[in-house]
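J.:
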Amino acid sequence: MRVLVMLGAPGAGKGTQAHILARHLGLPRVATGDLFRAALRDGTPLGVAAKGYMDRGELVPDEITINMLLERLGAADAARGAILDGFPRTRAQAEALDRALDERTAAVEAALLVDVPAEDLLARLSGRWLCEAAGHTFHETAYPPRVAGICDICGSRLIQRDDDRPAVVRARLEKQLGAMEDVVDYYRAAGVLQVVDGRRPIAAVSNDLLDCIEPVPYWRTHL
Ligand code: AP5
Ligand code: MG
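In my numbering, the protein residues as written are 1001 to 1223.
(1) Beta carbon of residue 1125: closer than 7 Å to some heavy atom of the ligand AP5?
(2) Determine whether the beta carbon atoms of residue 1130 and residue 1010 lie at a separation below 8 Å.
(3) Can you tell which of 1167, 1154, 1024 and 1145 has its C-alpha closest to the C-alpha of residue 1133?
(4) Run the CB neighbour count on residue 1142, radius 10 Å, all protein chains shown included, and call it buried at 16 or more, exposed below.
(5) Quick one, which of 1056, 1172 and 1032 has its alpha-carbon nearest residue 1118's?
(6) Per DSSP, what kind of secondary structure is residue 1183 in: helix, strand or coil?
(7) Mind checking which residues open and close the alpha helix (DSSP H) that includes residue 1091?
(8) Along the chain, where does the beta strand (DSSP E) containing residue 1085 start, and where does it finish?
(9) CB residue 1044 to CB residue 1068, shorter than 8 Å?
(10) Using 8 Å as the Cβ pair cut-off and three pairs as the minimum, do the region 1080-1100 and the region 1006-1025 touch?
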């Protein structure tokens, strides 16, 4: 089982890169933010409970988030592993994930931190557009879609997220970056943290991430 964790501040590019890695590695992308938004669209109690926290830029409580994520990881398509996008976000979540993987004699292979300075994040989030069907990401100026309002990849309509309003973005950055640092420390101590420069173009960041998890075999560098 291959489990890769994407870490990064809001807007750092976790989702963008998780989609690319998932396609490349043939693993599902499991994103807790998407699971909460889908639950809200379906009008479930979980979605309604999560919305209040998301609108305030706060993390959803651990017990709700951990149960939801572990249930998703138990689905058949995740039997070979998954790219986790936006989970874990607290030390308690990281520990719960380790325990659950341990029961399946697995472990987090790598925690990939997409590192972007705080001053770039507001511009990234306020210009972001996502597709309704799969959450593929675009940016008004940096990465516009070929046809305005339509996803290049699956043709669905592009929308903006409620929590990308500047006031909520500022709250997300203020309230969530401390917990992210704890998780970064957790994986650094476990020896699986890899850091890439998230300010580079999307394709360059993807290549850097793939270099971290699929090191070039010895024979390819010594031919
Ligand atoms: P979630 O949906 O995970 O949001 P987030 O962490 O705030 O991160 P984003 O999705 O906003 O950013 P991203 O890093 O994916 O960036 P993206 O690739 O889109 O969570 C939402 C909420 O749900 C949380 O606030 C919380 O309330 C709750 N939640 C979720 N998980 C939780 C958990 N585990 N525990 C508790 N609560 C949880 O890129 C952003 C923009 O930048 C795009 O426009 C993109 O085109 C552009 N871009 C990407 N890469 C580059 C690049 N290299 N150069 C230039 N532009 C780029
Ligand atoms: Mg995302």
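C-beta atoms are modelled at their ideal positions from N, C-alpha and C, and glycine is treated no differently.
T.: Put simply:
(1) yes
(2) no
(3) 1154
(4) exposed
(5) 1172
(6) helix
(7) 1091-1103
(8) 1081-1085
(9) no
(10) yes
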